[in-house]
Amino acid sequence: MLRSITLKTVFEKRWSMFAWFAGLFLTTVVIMLLFPTLRDTLGKALNEVPESMKGILGNAQTYQRVNGFIDIQVLAQMVFMTIVYGIILFTGVIAGDENEGTLQTLLANPVSRTKVYFEKLAGASILLFIVNSSIFFGTWIGALIVSESVDLVKLATACFMLFVVTFVFSAIGFCIGSVTGKRGLAGALAGTLAFVSYLITNLVPSVKILRSVNRFSPYEYFNKPSILDNGVEFKDFLILVSISLLFVVLGYVVFTKRDLSHK
Amino acid sequence: MATRKQTIVNLQKLTKQYGQFRGVENLTIRVEQGSIFGFLGPNGAGKTTTISMMMGLLKPTSGKISLFGRDNQRFDTQNRARIGYLAGDMALDGSLTGWQELEYFSNLRGSFDKKYIGELSERLKCDLTRKIKTLSRGNQQKIGLISALMNKPELLILDEPTSGLDPLVQAEFNSIIHEHKKAGRTAFVSSHVLSEIQEICDKVAFIKEGKLIANMPLKDLFRSAPKKVQVTAKDKILVDFDKLPGVKSLVQNAGVASFTYSGNIGQLLKFLSGQPMQDLTITEADLEEVFMGYYQKESKDA
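Protein chains in written order, with the numbering used here: chain A, 183 to 445; chain B, 4 to 305.
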């Protein structure tokens, strides 16, 4: 496992990956176990909820179908958790190592910054993908337990898009970390952007003033309309990938030219 | 006819500014193949900044760095393949064992000489089976040293290499550096612990507040350095040492006079010849005193 920077990155973070995978898998299964109860109770209660909150909480019809329940209670909630993991992970591999001084030690070896940058990105992406797959497995197992059938191809597609939108904010954290060498700053900025984006997209149905900025919110391109019902919008996928690429390239350009900090 | 040695390190008017703050200014240093070069200065003088620029971690504001006769482009992996580097504040991955860390670096370099690493770890008394985070600072430093030495690099760049090492291991380190030199390889060693440089270096440079204040072979440094003289008279001191040019820091106490002398030694002996002496001791100043002498001189000049 210590043959390349990518494999070393995966090896180094394996325990936290297992922990996050197990935590997210179990949480997802537990959420799915709540489906029969919430379908019968919460669905009716939501008739009383103001329109503005239905974007976040869903509406009565949503809770009558397992796909709607997964959209609101699994994908929309768990994406926060995967983003937290993604930002911690991606800001750690370059900026975190630079803060600890291990990046400087690594660069004493005959490896280029380009190699370091992309191999660390690859390692972090593999870890993120594995952790994100816990949502797929948790939903699938949970659905089996409550005897609901889910289209596994569409579920896999939705979970893949969950990975893609998580990757956007992770790439933003990675970029800021690579540009500044400051992990705390990168995490704070990427986390704030994720939260603001989530708020804008979910409040936009009732807060009209947000409509103009919503097009810049990455959440807008995730699971709208429901992937489980309609399949993925290829245009949305392209937009999210383009945003990620933009930040990855920006981070690369600056990282390969800037001074590294002393420990 | 003596063959001209290759210049391994060539720094020309190297300058680094951190915004408005000084890093280093106009450093010009040459290190020839097969020599051990000592780079001396107090903390904050600019030693680590200079080394970081040589390693491509920092970009010079101006000036040129050439290693092995080729321009040291930043991120030049070809040059780094020929260098063994130990940072002053070297950080290792605490979750790995020493063996794992060294195997990882070896893989990045394309060769893993387990036997030689084993030999180095025995000589430096370093336990490579324990996780790095459980090791003391000194033992982590040993792993850093092994990582710098394990590929028998043509150029060693060591920043404060013996900090945290006990005297026995320091002596072993010195002997490894002597072997390195004997094999025709080169080293650039920075330190503020002067005695360790004195033991291993051929040539030294002093840096103060980012500027080079001296750069010369060690033997010339000692030749030009004042001698420490102590005269013990049979009864009491009869001569007035103040009158002798080159005498400094004179302390006279009862029948004993101590001073430093930087003039012609023959003149001193002639001056003392009429003195009824019981004992005379003339010793070379150690590098610490020479170093402080340079610093004080520089401060006065400024």
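The C-beta atom is built at its ideal place from N, Cα and C for all residues, glycine as well.
Neighbour flag for residue i against chain A, beta carbons, 8 Å
i, result
"Asn75 of chain B", "no"
"Ser114 of chain B", "no"
"Met4 of chain B", "In this prediction, Met4 of chain B has a pLDDT of 49, which is less than 50 and means its spatial position is unreliable; what the coordinates show is noted afterwards. False, the Cβ-Cβ gap to chain A never drops below 8 Å."
"Lys67 of chain B", "no"
"Thr64 of chain B", "no"
"Tyr107 of chain B", "yes"
"Ser38 of chain B", "no"
"Leu253 of chain B", "no"
"Thr80 of chain B", "yes"
"Leu60 of chain B", "yes"
"Gln15 of chain B", "no"
"Tyr88 of chain B", "yes"
Among the options, the one whose alpha carbon lies nearest that of residue i
i, options, result
"Leu381 of chain A", "A:Tyr401, A:Ser408, A:Ile312", "A:Tyr401"
"Glu135 of chain B", "B:Gln15, B:Leu159, B:Gln103, B:Asp92", "It is Ile, not Glu, that sits at residue 135 of chain B in the sequence shown. Answer by Cα proximity: B:Gln103."
"Lys336 of chain A", "A:Ala370, A:Thr210, A:Thr244, A:Asn405", "A:Asn405"
"Gly258 of chain B", "B:Ile160, B:Thr235, B:Val172, B:Ser227", "B:Thr235"
"Leu288 of chain A", "B:Gly141, B:Gly26, B:Ser276, B:Gly147", "B:Gly147"
"Thr100 of chain B", "B:Leu127, B:Arg133, B:Asn82", "B:Arg133"
"Phe225 of chain B", "B:Leu168, B:Glu287, B:Leu43, B:Lys62", "B:Glu287"
"Asn218 of chain B", "B:Gln173, B:Ile11, B:Arg33", "B:Arg33"
"Ala48 of chain B", "B:Leu127, B:Met153, B:Lys211", "B:Lys211"
"Phe262 of chain A", "A:Asp411, A:Trp197, A:Ala277, A:Val378", "A:Val378"
"Ile268 of chain B", "B:Lys230, B:Met280, B:Leu152", "B:Lys230"
"Leu310 of chain A", "A:Ile425, A:Lys390, A:Arg196, A:Arg221", "A:Arg196"
"Asp2 of chain B", "B:Leu105, B:Gln270, B:Ala260", "In the structure as shown, chain B begins at 4 and stops at 305. Residue 2 of chain B is therefore absent and cannot be evaluated."
"Val361 of chain A", "A:Thr438, A:Val293, A:Leu410", "A:Thr438"
Per-residue burial, residue i [other beta carbons within 10 Å of its own, 16 or more giving buried]
i, result
"Gly121 of chain B", "exposed"
"Val232 of chain B", "buried"
"Ser399 of chain A", "buried"
"Leu17 of chain B", "buried"
"Thr348 of chain A", "buried"
"Pro248 of chain B", "exposed"
"His183 of chain B", "buried"
"Asp418 of chain A", "buried"
"Thr137 of chain B", "exposed"
"Gln144 of chain B", "buried"
"Phe416 of chain A", "exposed"
"Tyr434 of chain A", "buried"
"Tyr264 of chain B", "buried"
"Glu280 of chain A", "buried"
Residue i versus residue j: straight-line alpha-carbon distance, rounded
i, j, result
"Gly97 of chain B", "Phe24 of chain B", "33 Å"
"Ser186 of chain A", "Asn384 of chain A", "42 Å"
"Phe207 of chain A", "Phe356 of chain A", "25 Å"
"Asp238 of chain B", "Asp245 of chain B", "19 Å"
"Lys364 of chain A", "Ile270 of chain A", "12 Å"
"Glu28 of chain B", "Ile54 of chain B", "14 Å"
"Met4 of chain B", "Ser194 of chain B", "Reliability of the predicted coordinates at Met4 of chain B is poor, the pLDDT of 49 falling under 50, and no value is obtained from them."
"Thr244 of chain A", "Thr219 of chain A", "14 Å"
"Gly250 of chain A", "Gly373 of chain A", "27 Å"
"Lys214 of chain B", "Pro220 of chain B", "18 Å"
"Asn13 of chain B", "Ile180 of chain B", "21 Å"
"Leu161 of chain B", "Val212 of chain A", "55 Å"
"Arg83 of chain B", "Pro156 of chain B", "9 Å"
"Arg112 of chain B", "Gln36 of chain B", "22 Å"
"Pro407 of chain A", "Gln255 of chain A", "15 Å"
"Met57 of chain B", "Asn75 of chain B", "8 Å"
Cutoff 8 Å: residue i Cβ touching any chain B Cβ
i, result
"Val293 of chain A", "yes"
"Gly278 of chain A", "no"
"Glu194 of chain A", "yes"
"Ala304 of chain A", "no"
"Ile425 of chain A", "no"
"Leu410 of chain A", "no"
"Glu301 of chain A", "no"
"Lys364 of chain A", "no"
"Gly283 of chain A", "yes"
Presumed contact (8 Å Cβ cut-off) between residue i and residue j, rounded CB distance
i, j, result
"Gln9 of chain B", "Gly72 of chain B", "6 Å"
Near the ligand MG: residue i beta-carbon under 7 Å from a heavy atom
i, result
"Val266 of chain A", "Ligands in the displayed structure: none, and consequently the ligand MG is not present."
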